[in-house]
Amino acid sequence: MLPFDACDIAVDKIRPSWLPEGIRLSVLRLDRIDPLISGNKWFKLKYFLQDAQQQKRQGVATFGGAYSNHIAATAAACAQLGIAAHGFIRGERPLHVSHTLALAEKMGMQLHFLSREAYRNKAVVEKSFPQYYWIAEGGYGKLGAKGAAEIVQRVPDFAQYTHWVTAVGTGTTIAGLLMAVNKNQKVIGVSVMKGNASLENEILSLVSDAENKKWQLQVWQQYHWGGYAKKQEGLLDFMNDFFRETHIPLDFVYTAKAMWAVKSAIEKELFAPDSNILVVHTGGLQGNLSLPPERLNF
Ligand SMILES: *Cc1c(COP(=O)(O)O)cnc(C)c1O
């Protein structure tokens with residue numbers, strides 16, 4: 043459907059200084075599949091967009107904030123597929139829109155700005171535009187998880203890993219991974235939000251055969267660094283150290299928290315000494331453009 047739909051996805055084996063001898067650590071480079079539709083977002087969008095095309099709607103519409111990777115990816119994927127795209131954005135239109143929104147507009151997405159109150163009543167907004175195919179904020183939903191499940195087959199020799207680790211927002215990506223991995227593989231989700239108690243249930247509600255699969259899932263809640271998209275100096279320093287050692291760029295909203303959680307858990311000896319861990323790099327690097335220039339060493 044899109045050029046990168048069939049290619050293999052690179053896996054980098056890494057040995058940062060904090061990794062003990064026996065443990066193996068690899069990074070699945072979803073950030074490298076496409077410069078614009080980076081990371082997990084294409085996989086999550088794939089079946090929604092296919093459904094939209096089959097239903098012959100006037101366009102696709104979805105929700106997001108000013109720096110949303112989901113908005114950026116939806117704009118890019120729709121542009122490539124020739125689908126009209128509408129982004130419903132939280133907050134009034136500012137004088138200068140964020141780099142994310144400017145890029146989305148350049149790719150042809152029509153932006154609609156909503157007051158914070160209107161943004162909370164998404165069902166009302168959706169009803170006012172019944173001509174569009176609506177995708178939930180962040181691409182949450184079963185079709186999203188179905189697409190994310192396809193990530194697993196694209197990983198060379200995927201059965202060798204004892205643990206899969208990914209950052210979790212809506213939980214759609216990890217739901218897909220959980221459905222597709224083998225029975226003996228654990229799937230760990232690092233929540234990037236503070237105190238999202240219903241997250242595990244939201245993940246499992248997207249998983250077919252959840253009763254059997256739930257034992258393989260762990261959701262870690264303590265690595266949020268103050269909450270969603272909070273810019274913490276310690277986390278930015280960790281990103282710089284990690285890049286110096288591995289040459290892999292992380293983003294401060296999602297992937298840095300996932301990698302930090304792995305480091306912390308290794309230090310607490312939560313992984314068995316012969317673990318073979320795969321961290322899914324879910325992309326999102328465009329979000330780093332909201333940081334002061336020079337703050338990061340990449
Ligand atoms: C959207 C996003 C996630 C979260 O994915 P969910 O499927 O919503 O859990 C993780 N990492 C990055 C970089 C993202 O942009």
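Position one of the sequence shown corresponds to residue 43 (the numbering used here), numbered consecutively onward.
Cβ atoms here follow ideal geometry from the backbone N, Cα and C, with glycine treated the same way.
Item, Value
"How big is the Cα-Cα spacing for H205 and L320?", "6 Å"
"Only counting runs of 3 or more residues, tell me where the beta strand (DSSP E) segments fall wholly within the region 159-203, in order along the chain.", "175-177"
"Between the beta-carbon of I245 and the beta-carbon of G213, is there less than 7 Å?", "yes"
"Using 7 Å as the threshold, is the C-beta distance between V261 and L248 below it?", "no"
"Taking the Cβ atom as the reference point for each residue, do A127 and T116 lie within a distance shorter than 7 Å?", "yes"
"For the alpha helix (DSSP H) that contains N330, what are its first and last residues?", "Note, N330: premise wrong, no alpha helix (DSSP H); not H, not E."
"Within a Cβ cutoff of 6 Å, which residues of the same chain sit near A271, ignoring the five residues on either side of it in sequence?", "V295"
"Which ranges does the alpha helix (DSSP H) cover as unbroken runs of at least 4 residues, wholly within the region 195-276, from first to last along the chain?", "214-222, 241-246, 252-255"
"Based on the DSSP secondary-structure assignment, which residues constitute the bridge partners of A54?", "Here residue 54 turns out to be Asp, not Ala, going by the sequence shown. Paired residue(s): V69."
"I'd like to know if the region 309-317 and the region 187-200 are in contact, where contact means that at least 3 CB-CB pairs between them fall below 8 Å.", "no"
"Between M221 and the rest of its own chain, which residues show a CB-CB distance below 6 Å, the 5 nearest in sequence each way excluded?", "A191, V249"
"Are E275 and P58 closer than 7 Å when you measure CB to CB?", "no"
"Could you check if G326 belongs to the surroundings of ligand 1, using beta carbon to heavy atom distance under 6 Å?", "yes"
"Can you check DSSP and say which residues form a bridge with V295?", "Its beta-bridge partners do not exist; DSSP assigns none."
"Taking the beta carbon of Q96 as the centre, do at least 16 other beta carbons fall within 10 Å, making it buried, or is it exposed?", "exposed"
"Across the region 148-156 and the region 61-69, are there enough close Cβ pairs to call them in contact, namely three or more that are closer than 8 Å?", "no"
"What would DSSP say about L153, mapped onto helix, strand or coil?", "strand"
"Does the beta-carbon distance from T324 to L72 come in below 7 Å?", "yes"
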